[in-house]
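Here the structure comes first, spelled out in structure tokens, and everything after it is commentary.
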Ligand code: GLA
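Residue numbers (my numbering): 1 to 371.
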């Protein structure tokens, strides 16, 4: 875009471990990555007309700040949702033009949506001198997704995209919102993402269904344990005590969340102790729990994880993000990366007729201005 006055970027994210725990007030261990969305912004002369251009798609949206509604679907809802949520917390805008472009693969579980929302929110905050702090922006972006996109997501993605720091993973307590940075160095190992390049359409509806099952679990648990407010307050022993009362699907959803929270804490310790074997084991356990108890995996993801199990140079592998497609994240010996990509790409193509996309991502800073 010509004559942009503000340019911002916000990255996608990885998550080492802690899936579907964020909206249950639990723990997550994400980091921002070197794939991002860039937004160019300028005020236009109109009091309320906005124009947004999706550079990658060559699509355009024009809307009026005084009257706009979500569309059935599409990138427009993320953008208008951010504008709407910022207005709700007091932002006063005039007409503006914006254009964005990004390289976070869509539907990959790397959160292209948060990178889009957070780059726009950061940019508008600057362009209109709104003075919101990072947490206000994070929460507005999360609410954009709830209210304009229709996914009742947790806070992990917008948090990671905004607060990320180079070479650091973040341990976030989604209840208190306290967090800590930890240096991420895997020694002779590295992370490898393998994008299945499938994105099953169940993803958005099933996401909200899972969330509802967790809430149902909490309501039932409260009948015996009145101090429980979320699955964060629940132990495995408490689940066992309620085994006869909880419907079996609800019980298995709850079991995933309760044990996944434990795994995040153990994984953070393992990372600090440089016990990569232990970290890898926890990552495998996370996958099998997401596959069997939470039921958000799919045959393509399971295939990739299954094929890493007998490779001693891969310490752990699991599906990443909401599920039903997207990427696996694995810990693999640096020297074996190229040969493994070769091997797994061939067998994946034979099995599913789809090409894998491998990514060796690096951990980078979160949202910010571009000079
Ligand atoms: C999506 C959501 C997050 C989180 C993950 C699953 O990425 O946006 O809030 O719930 O799924 O861990």
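Using N, Cα and C, we set each Cβ at its ideal position, and we do this for glycine too.
- At a cut-off of 3 residues, the continuous stretches assigned as beta strand (DSSP E) that sit fully inside the segment 27 to 99 are 30 to 43, 49 to 54 and 59 to 64.
- When 319, 128, 276 and 194 are compared, the shortest CA-CA separation from residue 349 is found for 194.
- The Cβ neighbour count for residue 324, taken over all protein chains shown within 10 Å, is at least 16; the residue is labelled buried.
- With respect to the 8 Å criterion, residue 357 and residue 197 are classified as neighbours on the basis of their beta carbons.
- The closest heavy atom of the ligand GLA lies less than 7 Å from the beta carbon of residue 111.
- Where residue 314 is concerned, the enclosing beta strand (DSSP E) starts and stops at 314 to 319.
- Residue burial annotation: residue 58 is exposed, with fewer than 16 other C-beta atoms found within 10 angstroms of its C-beta.
- Closest option to residue 184, judged by alpha-carbon separation, among 261, 84 and 276: 276.
- Buried is the label assigned to residue 307, since at least 16 other Cβ atoms lie within 10 Å of its Cβ.
- For residue 221, the closest C-alpha among the options 89, 236 and 137 is that of 236.
- With a threshold of 16 other beta carbon atoms within 10 Å, residue 88 falls short and is exposed.
- Judged by beta-carbon spacing, residue 199 lies beyond the 8 Å limit of residue 12, meaning their Cβ atoms are not closer than that value.
- DSSP, reduced to helix, strand and coil, places residue 173 within a strand of the structure shown.
- The beta-carbon separation of residue 191 and residue 28, rounded to 16 Å, does not stay under the 8 Å limit for a contact.
- CA-to-CA, the gap between residue 180 and residue 45 works out to about 43 Å.
- If you measure from each CB to the nearest heavy atom of the ligand GLA, the residues under 5 Å come out as 19, 20, 22, 153, 154, 156, 157, 321 and 322.
- Between residue 154 and residue 22, the alpha-carbon positions lie close to 5 Å from each other.
- By a beta-carbon distance limit of 8 Å, residue 239 does not contact residue 218. Their separation comes to about 12 Å.
- Residue 149 counts as buried, since at least 16 other C-beta atoms from the protein chains shown sit within 10 angstroms of its C-beta.
- Residue environment: residue 234 is assigned as buried (16 or more neighbouring CB atoms within 10 Å of its CB, all protein chains considered).
- Contact annotation: residue 65 and residue 124 have beta-carbon atoms that are not nearer than 8 Å.
- By the criterion of a C-beta distance shorter than 7 Å, residue 313 is surrounded in its chain by 332, 333 and 336, once the five residues flanking it on both sides are discounted.
- Shortest Cα-Cα distance from residue 33 to any of 4, 245, 164 and 305 involves 164.
- By the C-beta criterion, the segment 123 to 141 is judged to be in contact with the segment 87 to 105, since at least 3 inter-stretch pairs fall below 8 Å.
- Beta-bridge annotation (DSSP): residue 128 is not paired with any residue.
- Rounded to whole angstroms, the separation of the alpha carbons of residue 129 and residue 52 is 20 Å.
- In the DSSP assignment, residue 195 forms a beta bridge with 327 and 357.
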